[in-house]
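In full-length UniProt numbering, the protein residues as written are 1 to 117.
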Amino acid sequence: MSRTEWHILREDGALTLARRLPVRFDLSVEAVLPRCGKQRLAVQVRQDMWRLLQRLPGFSPVVRVEEVGQGLRVIAGGQVARKPFPKAECEAKLREMLTDGKNRSRWVAYGRRVCYE
């Protein structure tokens, strides 16, 4: 698989963006965001998550976006090949990233853009 290939799994109101299959969450954090484009949202969250955790050996990001009520539940995390790893510390960083108001505004704005490509 080349470095640019990602698996996009679609199922009943949900989208999962993953580097590897099968999808595995060794660490994960959830947040609810306003409705917008699921794939565009997942890509943005994945990019920021990678920037945050790219130095974690064996980390492979996964983002799942599910429809819930009037919003979207985002589950950000992924697989970690090397064990043990600082799970609590990594999840605290992810939680901070997902609750940051500037990130959330940027992600939703990007997710709401219309693509004419």
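Cβ atoms here follow ideal geometry from the backbone N, Cα and C, with glycine treated the same way. For clarity, every value in this text was computed on a predicted model and none was experimentally measured.
| query | result |
| --- | --- |
| Take the Cβ of residue 21 as the centre, count every other Cβ of all protein chains shown within 10 Å, and call the residue buried at 16 or more, exposed below. | exposed |
| Entirely within the stretch 39–68 and at least 3 residues each: give me those beta strand (DSSP E) ranges in chain order. | 59–68 |
| In the DSSP assignment, find the beta strand (DSSP E) that holds residue 78 and state where it starts and stops. | 71–80 |
| Cα separation between residue 90 and residue 53? | 7 angstroms |
| With distances taken between CB atoms, is the gap from residue 19 to residue 86 smaller than 8 angstroms? | no |
| In the DSSP assignment, the alpha helix (DSSP H) including residue 98 goes from what residue to what residue? | 87–99 |
| Looking only at C-alpha atoms, which of 93, 106, 33 and 101 sits nearest to residue 27? | 93 |
| Beta carbon of residue 111, beta carbon of residue 36: below 8 angstroms? | yes |
| What do you reckon, are the CB atoms on residue 77 and residue 108 nearer than 8 angstroms? | no |
| Roughly how many whole angstroms lie between the Cα atoms of residue 104 and residue 41? | 10 angstroms |
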